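Q: What follows is a structure written as structure tokens; I'll ask about it next.
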Amino acid sequence: MSEPYCHNEEGEYCFREPRIEDGLHIHSLIERSKPLDLNSLYCYLLLTDHFRRTCVVAERDGHPVGFISAYVHPSKEDTLFVWQVAVDETVRKQGIAGRMLENLVQRPGLGFVSYLETTVNPSNQSSRFLFESFAKRLRAPCTTSALFSEDLFGDTDHEAEILFRIGPFGSL
Ligand SMILES: CC(C)(COP(=O)(O)OP(=O)(O)OC[C@H]1O[C@@H](n2cnc3c(N)ncnc32)[C@H](O)[C@@H]1OP(=O)(O)O)[C@@H](O)C(=O)NCCC(=O)NCCS
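Quick note: numbering that gives the first Met the number 0 has the sequence shown finishing at residue 171, numbered continuously throughout.
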């Protein structure tokens, strides 16, 4: 199990399960992380409570600077579905998102997971690079297929969502 508290030195990152007190920070981080859809604060509180074993926070100097929400796919019990990934703009491109993904797949409580799925918008290059690079590090295949087409989002101006499936993978 990932520890809910950090004991790291000043300036160092720690990766841990979220706790409900993170809810407001996570909501604000997602709000600042375009092009992510902002969900309700209640939704993030539920994630930090009911889904904490499959979510991860990156913390530095006592503040969350990164967050991944994920859950075990309801009909594929070996598959972790990654919902949203956000890293504070000031600390991007330092490997934080990659390390959050590693923290999740290395958790002893998630040893049954051998696939990771997520969706990526066609125009979101950093998201695509993140998952392709992660698949390479795991030496695992990465396949893509259409999941939610643009028309399913009505006239909300939402891009299509492409499904990325990475795996099977063993330990890092
Ligand atoms: C996508 C996001 C989470 C990446 O976080 P990050 O901490 O900067 O990512 P990392 O530093 O771990 O980078 C992972 C890999 O992707 C590459 N990468 C990340 N952003 C990149 C960019 N803008 N351009 C080129 N490569 C990029 C890195 O070079 C790295 O590759 P490497 O492992 O081969 O060196 C961050 O940009 C973000 O929060 N964006 C806004 C929200 C969003 O779009 N979320 C993703 C959709 S769920």
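Here a beta-carbon is modelled for each residue, glycine too, at the ideal position from N, C-alpha and C.
Treat the numbers as computed from the prediction; the structure is a model and nothing was measured.
If you draw a straight line from the alpha carbon of residue 45 to that of residue 108, how long is it in whole angstroms?
A: Whole-angstrom Cα-Cα distance: 20 Å.
Q: Can you find a heavy atom of ligand 1 that lies under 6 Å from the Cβ of residue 139?
A: No; taking the cut-off as 6 Å, the Cβ of residue 139 has no heavy atom of ligand 1 nearer than that.
Q: Given a cut-off of 7 Å, decide if residue 143 and residue 163 are closer than it, judged by their beta-carbon atoms.
A: Yes, they are a contact pair.
Q: Using a Cβ-Cβ cutoff of less than 7 Å, which residues in the same chain neighbour residue 35 once the five nearest sequence positions on both sides are dropped?
A: 29, 83 and 85.
Q: For the beta strand (DSSP E) that contains residue 114, what are its first and last residues?
A: Looking at the DSSP string, the run of the beta strand (DSSP E) that includes residue 114 is 114-119.
Q: Return helix, strand or coil for residue 159, following the three-state DSSP convention.
A: If DSSP states are grouped into helix, strand and coil, residue 159 belongs with coil.
Q: Is DSSP giving residue 24 helix, strand or coil here?
A: It is helical.
Q: Please report the Cβ distance between residue 121 and residue 161, rounded to the nearest whole angstrom; I am assuming they are in contact, meaning their Cβ atoms lie under 8 Å.
A: Sure, about 6 Å apart at Cβ, within 8 Å.
Q: Does the pairing of the segment 97-107 with the segment 144-159 give three or more beta-carbon distances under 8 Å?
A: With the cut-off at 8 Å, the segment 97-107 and the segment 144-159 do not touch.
Q: Per DSSP, what kind of secondary structure is residue 74 in: helix, strand or coil?
A: Three-state result, residue 74: coil.
Q: Could you tell me the distance, in whole angstroms, from the CA atom of residue 8 to the CA atom of residue 126?
A: Rounded to the nearest angstrom, the two C-alpha atoms are 29 Å apart.
Q: Are residue 99 and residue 14 touching if we call contact CB-CB under 7 Å?
A: Yes, these two residues count as a Cβ contact at 7 Å.
Q: Should residue 123 be listed as close to ligand 1, given that the test is whether its C-beta is under 6 Å from any heavy atom?
A: Correct: residue 123 has its Cβ closer than 6 Å to ligand 1.
Q: Taking the beta strand (DSSP E) that residue 57 belongs to, which residues open and close that run?
A: Unbroken beta strand (DSSP E) run through residue 57: 55-59.
Q: So residue 61 and residue 95 are supposed to be a Cβ contact under 8 Å. How far apart are they, rounded?
A: Wrong, their Cβ atoms sit about 16 Å apart, outside the cutoff.
Q: Comparing C-alpha positions only, which one of 78, 11 and 70 sits nearest to residue 52?
A: Of the listed residues, the one whose Cα sits closest to residue 52 is 70.
Q: Around the Cβ of residue 111, are there at least 16 other Cβ atoms within 10 angstroms (buried) or fewer (exposed)?
A: The residue in question, residue 111, is exposed, as its Cβ has fewer than 16 Cβ neighbours within 10 Å.
Q: Among 63, 93, 59 and 131, which residue has its Cα nearest to the Cα of residue 11?
A: Ranking 63, 93, 59 and 131 by Cα distance to residue 11 puts 59 first.
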